[in-house]
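Below is one structure; the comments refer to it alone.
Chains as they are written, first to last, in my numbering: chain A, 959 to 1073; chain B, 1364 to 1477.
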């Protein structure tokens, strides 16, 4: 069964610092991976996704993620954090289970950005 | 562009009462989902529907039921609410074209059962 693990429930950075949010996946088949962002009191919004092809994926708001099969990882990065990046971030893997498709989510990482 | 609309946005409910959370999408997506979000647990799938007229159970279906009479609507019903159902509920939809398609989410319903 496909799953994802997010390391660190909270990550704190200073404004302008590098953002690194970690996600490792488990999948017996080539995975389709997603990062979503959730701002306070809002729903989830897609940041980026990896399907096939280029392993470095660029998303919205300056975020990018690199698919590394050898490390079973899909870490999310941003070179310079902004205050507006403070939110919860979810990694997800697309899975097929007894005839239906679903997204399996990690437990989330809350990004805190200080001035 | 509305996308997915959930109602109500928040609700305080007495234990034992029946409640229906509404979800409507205007993207003509075949697949729809209900997730609950709890601190430290991420999002967990309650029920899903691959297409109008079909539904299925997710990871945490107990105490919940759904129906899918048409493409656009996917209501979630709590027959007799219990405090452990206090959570934030998200409805989502997705094109049923393959595993590489993303899901779109509503704004959520914050439910408190007292």
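Cβ coordinates follow ideal geometry from the N, Cα and C atoms, glycine included.
Proximity of residue i and residue j at Cβ, strictly below 8 Å
i: residue 1453 of chain B; j: residue 1398 of chain B; result: yes
i: residue 1419 of chain B; j: residue 1032 of chain A; result: no
i: residue 912 of chain A; j: residue 1023 of chain A; result: The structure shown does not extend to residue 912 of chain A, since chain A is modelled only from 959 through 1073, so no value can be given for it.
i: residue 1073 of chain A; j: residue 973 of chain A; result: yes
i: residue 977 of chain A; j: residue 1043 of chain A; result: yes
i: residue 1002 of chain A; j: residue 1468 of chain B; result: yes
i: residue 1375 of chain B; j: residue 1475 of chain B; result: yes
i: residue 1446 of chain B; j: residue 1378 of chain B; result: yes
i: residue 996 of chain A; j: residue 981 of chain A; result: no
i: residue 1372 of chain B; j: residue 1472 of chain B; result: yes
i: residue 1437 of chain B; j: residue 1390 of chain B; result: no
Residue i - partner residues in DSSP beta bridges
i: residue 1468 of chain B; result: B:1455
i: residue 980 of chain A; result: A:965
i: residue 971 of chain A; result: A:1071
i: residue 1022 of chain A; result: A:1016, A:1035
Under 8 Å from the C-beta of residue i: neighbouring residues of chain B
i: residue 965 of chain A; result: Within 8 Å Cβ-Cβ: nothing; residue 965 of chain A doesn't reach chain B, min ~13 Å.
i: residue 974 of chain A; result: The contacting residues do not exist; residue 974 of chain A stays about 29 Å from chain B at best.
Within chain A, the residues that residue i reaches when beta carbons sit closer than 8 Å
i: residue 1507 of chain B; result: What the structure shows of chain B is the stretch from 1364 to 1477, and residue 1507 of chain B is not part of that stretch, so it cannot be assessed.
i: residue 1416 of chain B; result: Result: empty, since nearest Cβ-Cβ is about 14 Å, beyond 8 Å.
i: residue 1459 of chain B; result: 1059
Cross-chain neighbours of residue i in chain B, by beta carbon under 7 Å
i: residue 1065 of chain A; result: 1403, 1404, 1405
i: residue 990 of chain A; result: 1462, 1463
i: residue 1004 of chain A; result: 1465
Where residue i meets chain A, residues with beta-carbon distance less than 9 Å
i: residue 1426 of chain B; result: Within chain A, no residue comes near residue 1426 of chain B; the closest Cβ sits about 20 Å away, beyond 9 Å.
Cβ distance (whole Å) where residue i is taken to contact residue j below 8 Å
i: residue 1053 of chain A; j: residue 1064 of chain A; result: Contact doesn't hold; Cβ gap of about 13 Å is too wide.
i: residue 983 of chain A; j: residue 962 of chain A; result: 5 Å
i: residue 1456 of chain B; j: residue 1367 of chain B; result: 6 Å
Per-residue contacts from residue i into chain A (C-beta, under 7 Å)
i: residue 1466 of chain B; result: 1061
- Of all the residues that make up the region 1006-1020 of chain A, which are near chain B by a beta-carbon distance shorter than 8 Å? 1007, 1009, 1010
- Message: By the 7 Å beta-carbon criterion, what residues does the region 1029-1060 of chain A contribute toward chain B?
- Response: 1048, 1052, 1054, 1058, 1059, 1060
- Query: When you check each C-beta in the region 1435-1451 of chain B against every C-beta of chain A, which residues fall closer than 7 Å?
  - Reply: none
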